[in-house]
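Under the numbering used here, the residues of the sequence shown are numbered 15 to 85, in order.
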Amino acid sequence: MTSFNLKPGTNWDEVKERIKERNIYLTDEDLFLEPGKEDVLLKRLAEKMDRTPEQVKVYIESVSHNKDAAS
Numbered sequence: 015m016t017s018f019n020l021k022p023g024t025n026w027d028e029v030k031e032r033i034k035e036r037n038i039y040l041t042d043e044d045l046f047l048e049p050g051k052e053d054v055l056l057k058r059l060a061e062k063m064d065r066t067p068e069q070v071k072v073y074i075e076s077v078s079h080n081k082d083a084a085s
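Now the structure itself:
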């Protein structure tokens with residue numbers, strides 16, 4: 015299973031909103047995270063964002079750690 019590391023103290027809902035601000039075509043359904051199934055989320059977003067799951071993982075971690083970076 016592939017997972018990502020959020021900045022300590024950052025919850026998924028906050029990260030999800032940041033991602034939606036930068037990617038207005040993504041929906042809550044696209045960003046739904048079932049606990050323990052990060053790999054499903056990464057694959058779904060990789061397809062929607064035309065990136066690899068690893069690139070999506072790096073992107074999520076970037077958004078988590080820095081509000082102003084990540085594109």
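Glycine included, every Cβ here is placed at the ideal spot set by N, Cα and C. Here the structure is a predicted model, which is why all the values come from computation and not from measurement.
Apart from the 5 residues on each side of it in sequence, Leu55 sits with its Cβ closer than 6 angstroms to the Cβ of Leu47 in its chain, given in chain order. DSSP places Pro49 outside both helix and strand once states are collapsed to three, so it counts as coil.
In this structure, Lys21 keeps its C-beta atom at 8 angstroms or more from the C-beta atom of Ser76. Non-local beta-carbon contacts of Thr66 in its own chain, meaning distances under 8 angstroms to residues more than five positions away in sequence, involve Ala60 in chain order. The three-state reading of DSSP puts Ile38 in coil, since its state is none of H, G, I, E or B. Nearest to Asn37 by C-alpha distance, out of Gln69, Lys62, Glu68, Asn80, is Lys62.
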